Structures are given as C-alpha cells and as structure tokens.
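Per full-length UniProt numbering, the very first residue in the sequence shown carries number 1; after that it's consecutive. Even for Gly, the Cβ is constructed at its ideal location relative to N, Cα and C. Just so we're clear, the structure is a prediction, and the values are computed from it rather than from any experiment.
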Amino acid sequence: MAVLSTLKELIECLTGPYLFMGIAMRFLPGTLLEVIRNKDFRTLFSPSRFKDVWFGNFWAFIGPQVKANAESRVIPLLEGRVRNGRMGDEVVGEPINGVVLEIGAGTGMWADVFAKVNVGVNNQGDADGELRRRKGGNGLTRVYGIEPNPKSAATLRQRVKDIGLDDIYEVVPVGIESLDDPEAWDGRIEPESVDCIVTILCLCSIPEPEKNIKLLYQSLKKGGRWYAYEHVRINENRGVLLRAYQCESVIRPRKAIADNDRGYWSCVVTSHGVVPHLPINREIVKRSRAMGED
Numbered sequence: 001m002a003v004l005s006t007l008k009e010l011i012e013c014l015t016g017p018y019l020f021m022g023i024a025m026r027f028l029p030g031t032l033l034e035v036i037r038n039k040d041f042r043t044l045f046s047p048s049r050f051k052d053v054w055f056g057n058f059w060a061f062i063g064p065q066v067k068a069n070a071e072s073r074v075i076p077l078l079e080g081r082v083r084n085g086r087m088g089d090e091v092v093g094e095p096i097n098g099v100v101l102e103i104g105a106g107t108g109m110w111a112d113v114f115a116k117v118n119v120g121v122n123n124q125g126d127a128d129g130e131l132r133r134r135k136g137g138n139g140l141t142r143v144y145g146i147e148p149n150p151k152s153a154a155t156l157r158q159r160v161k162d163i164g165l166d167d168i169y170e171v172v173p174v175g176i177e178s179l180d181d182p183e184a185w186d187g188r189i190e191p192e193s194v195d196c197i198v199t200i201l202c203l204c205s206i207p208e209p210e211k212n213i214k215l216l217y218q219s220l221k222k223g224g225r226w227y228a229y230e231h232v233r234i235n236e237n238r239g240v241l242l243r244a245y246q247c248e249s250v251i252r253p254r255k256a257i258a259d260n261d262r263g264y265w266s267c268v269v270t271s272h273g274v275v276p277h278l279p280i281n282r283e284i285v286k287r288s289r290a291m292g293e294d
C-alpha cells in the first residue's frame, strides 16, 4: 500500500504542473480577444504587459480554487491556532494584528479572512482584555496588499471595498523591491514599521527571492511575526523520484506561461501536503542565528 500511495503521489506531482499550464492556456484566446476588443495595441505588442493581463485573467479563475485547497491550514495560521506546524482549536499564538503586509495579495481572495480575524479579535469582551493583549492586540490597524499585477490589483481594490475593509486596506501596486520607493507608489514602507507579514504560496514566484525576502524581513518591527504558508524543498527522505519532480526542467515551462516573469520556480514543492505553515518570530530567528543554530 505504501508503494501505491507513493506512486500515486508521484504521478500527481509530475502531472500537476502540466495540468496547471493547460488551464492557463485556456485563457490565452480570451485574453487576446479582450486586448484587441479594447484596442489596447500597446499591450498586444508588449510581451510583459500581455502576460500581466493573461495572468490576471487566469488567476481570477484559479485563485479561489487555490484558496479552497489551502484555507483549512491558512485560516488557523492567521487566527493564531498553529504551533510548530500543528493546528489546534485553541489560540496558542498571536493572530495577525497591527500593521500587516500581505505579499502577493492577488485578487483579494484572502481579504475576507483578514476581515473575519479582525472582527474576531475586536469582538472579545472586556473580560478577555488581558487575553486580547497577549494574543493579538486590538486587531488590524493597517493592511498593505502588495500586488504588482495591474489587472489583479484593480480587482483587489474592488474586493476590499465590497467586504468593507477599504478604510484600513491599501492596495500597493508595486513589487517588494519598490516598497520603500515613494516615486514608485503613493507611499513608503519604512524599515521596522510592520507588525506582521503574510505570505501565502507566493514566495516561489518573486524575483530575486533571497534579496527580496531580506527586504521584507527588514520591514518587521522587533518582535514582529511572519506568517508563512509556502512551497518548500521536499524532504530528502521522500526518495529520488519525488525530488526529481522539483528539477528545473519540469518547472521552467510554467514560468514561461503563467508566472508573469517574476521568478524562477526551482527546487520547490507544489504539493500542499508538504508545506509547513509557521509564524516566524523575528527575535527568535535573530537569536538562533547568533547562536549558530539552523
């Protein structure tokens, strides 16, 4: 049975990227017609601009399905019900609160979760005041949704308005590398000014990941938290065949079609079953590095 289970997982992993690309290809003709109908010839003859529109159309369809598969793990994470990668019914850590950066906000598929977590924190009675202070302050004060895709950013703005978060949620239509550049957008994210960072299945597609992850980390306040639900390198004990799935020759085609030219999918797992989801405490990471721990 173990062999059959491994074989089934292998087949799903090997065929998954190509099925994903096949879905993306379905949106190519419609995107082409949309651009021509709008007489947007600048986009038509610009590969990068055209891929922005194409990816925006594709993600508007596939994003909610990604959410449906991931929300059983993501919601407990954002609510503070995850410790050491394990979910529970009790709040064991701090939920998202204060000033939050949502990286790769897309079309706003997680915005309703932000709203629910915020309401849940703010609705605690006075008797729970001490718990609230320990487990999440007074809710969200500001959320910056980072989404450089113009089409997705436009949908995100409407989504935020529809769910009533527009008073605290600001859409930032630039990439991570421009967050502290006031000339790139109407604002600036200062170093050590953010309480929480949220990344959900997006770090695998950002450009220069090591550089930009460091930039994000620097934006956290002391004691800030990074809530991550991401693709990761597969464990070496899973065998050669599953690790071969992660090779660049398998992942490269997906970048060309749907990854918006923002990064290189290399050595990542796209199976949700192996994705850890942990809030990362800035101070703990700093102390661990100082002591030489992994």
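C-beta contact flag for residue i and residue j at 7 Å
i: Val53; j: Lys151; result: yes
i: Gly145; j: Thr107; result: no
i: Met87; j: Pro95; result: no
i: Asp195; j: Lys221; result: yes
i: Asp112; j: Ile36; result: no
i: Leu165; j: Ala115; result: yes
i: Gly223; j: Asn149; result: no
i: Lys51; j: Met109; result: no
i: Arg142; j: Ile168; result: yes
i: Ala184; j: Val171; result: no
i: Leu203; j: Glu230; result: yes
Three-state secondary structure (DSSP) of residue i
i: Leu10; result: helix
i: Arg73; result: helix
i: Arg188; result: coil
i: Arg254; result: Its pLDDT being 40, under 50, Arg254 is placed unreliably in this model, and the value from its coordinates should be taken loosely. Correct three-state label for Arg254: helix.
i: Val117; result: helix
i: Ile176; result: helix
i: Lys39; result: coil
i: Gly273; result: Caution is warranted here: a pLDDT of 26 is assigned to Gly273, below 50, making its placement in the model unreliable, and the coordinate value is therefore given only provisionally. Gly273: helix per DSSP, three-state reduction.
i: Asp126; result: With a pLDDT of 44 at Asp126, under the threshold of 50, the modelled position of this residue cannot be trusted, and the question is left open.
i: Tyr264; result: Reliability of the predicted coordinates at Tyr264 is poor, the pLDDT of 32 falling under 50, and the value obtained from them is presented with this limitation in mind. DSSP places Tyr264 in coil when its eight states are reduced to three.
Nearest neighbour of residue i, chosen from the options [CA to CA]
i: Thr100; options: His231, Glu230 and Trp226; result: Checking the sequence shown, residue 100 turns out to be Val, not Thr. When only C-alpha atoms are compared, the closest one is Trp226.
i: Phe197; options: Thr6, Asn118, Ala68 and Ile213; result: With the sequence shown as reference, residue 197 is identified as Ile, and Phe is not the correct amino acid for it. Closest option to Ile197, Cα to Cα, is Ile213.
i: Ile200; options: Arg26, Val74, Thr141 and Leu4; result: Val74
i: Ser219; options: Glu102, Arg157 and Leu156; result: Glu102
i: Trp59; options: Asp89, Thr155, Glu192 and Glu170; result: Thr155
i: Pro207; options: Pro17, Gly175, Val119 and Glu9; result: Gly175
i: Leu28; options: Pro17, Lys39 and Leu44; result: Leu44
i: Gly139; options: Leu78, Leu179 and Ile11; result: Leu78
i: Gly93; options: Gly80, Gly85 and Asn84; result: Gly80
i: Ala228; options: Val82, Ser178, Leu32 and Val117; result: Val82
i: Ser193; options: Leu10, Gly98, Glu90 and Gly16; result: Gly98
i: Leu32; options: Val160, Gly22, Ser46 and Met21; result: Ser46
i: Val91; options: Glu71, Val117 and Ala70; result: Val117
i: Pro191; options: Arg49, Leu215, Leu14 and Ile23; result: Leu215
In DSSP terms, what residue i is bridged to
i: Met87; result: Val82
i: Val171; result: Gly145
i: Asp216; result: Note that residue 216 is Leu in the sequence shown here, rather than Asp. Answer is none; Leu216 lacks a bridge partner.
i: Val100; result: Val143 and Cys196
Residue i at chain B interface by Cβ criterion, 7 Å
i: Ile176; result: Among the protein chains of the structure shown there is no chain B, as only one such chain exists.
Heavy atom of the ligand NAD within 6 Å of residue i beta-carbon
i: Leu7; result: Looking at this structure, you won't find the ligand NAD or any other ligand, since it has none at all.
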